[in-house]
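Trainee: Residue numbers (the working numbering): 2 to 174.
Glycine is no exception: its CB is placed at the ideal position from the N, C-alpha and C atoms.
After the structure tokens below, expect a handful of questions from me.
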């Protein structure tokens, strides 16, 4: 089995100084929220061997925060996860990754792409039936070869729940 942690990026600025959507960074509140969310993910989810991220700045920043919470796992930016990615392209990228040794992975990206991908992975339909909030996550499990409709859903958590788990873990340590 291949665990796949799917994470939507944190809250980002409305407009980048460059005017390009790809350059929008996390806001200070988005960065703080994702730091707490990432602590919750590190307590709740299996550690990924690699974090695959959209090349967009807000997703890369989110992936870096998550990687740090898990102890410094590598982050790899993939064009296939950029805004506007198709569910089939995301799944094909993950299927290719599963051919390589290394275990599970995390995916950081955008809506509506992630919602469509989750639906495609679970039910072979790209009609999104789950739309993760900014900072929200879910854990999918794929068998040896990921295909449309062959994933199972382990859990879905909203950012407020992940933050609470992370803050509780901090208080207990």
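(1) Looking only at its chain, what residues have a beta carbon closer than 6 Å to the beta carbon of residue 117, apart from the 5 residues adjacent to it on each side?
(2) Thinking C-beta only, is residue 107 closer than 8 Å to residue 52?
(3) Of the choices 62, 43, 16, 139, whose alpha-carbon is the least far from that of residue 33?
(4) When DSSP labels each residue in this structure, what does residue 160 get in the three-state scheme?
(5) Starting from residue 210, trace the beta strand (DSSP E) both ways and give me its first and last residue.
(6) Using only CA atoms, which one of 58, 18, 24, 9 lies nearest to residue 38?
(7) Alpha carbon to alpha carbon, how far is residue 158 from residue 145? Give it in angstroms, no decimals.
(8) In the DSSP assignment, find the alpha helix (DSSP H) that holds residue 122 and state where it starts and stops.
Mentor: In brief:
(1) Closer than 6 Å at the Cβ level, and outside the excluded window around residue 117, lie 88, 127, 129.
(2) yes
(3) The residue among 62, 43, 16, 139 with its C-alpha nearest the C-alpha of residue 33 is 62.
(4) helix
(5) Limits of the chain in this structure are 2 at one end and 174 at the other, which puts residue 210 out of reach.
(6) 9
(7) 25 Å
(8) 114 to 124
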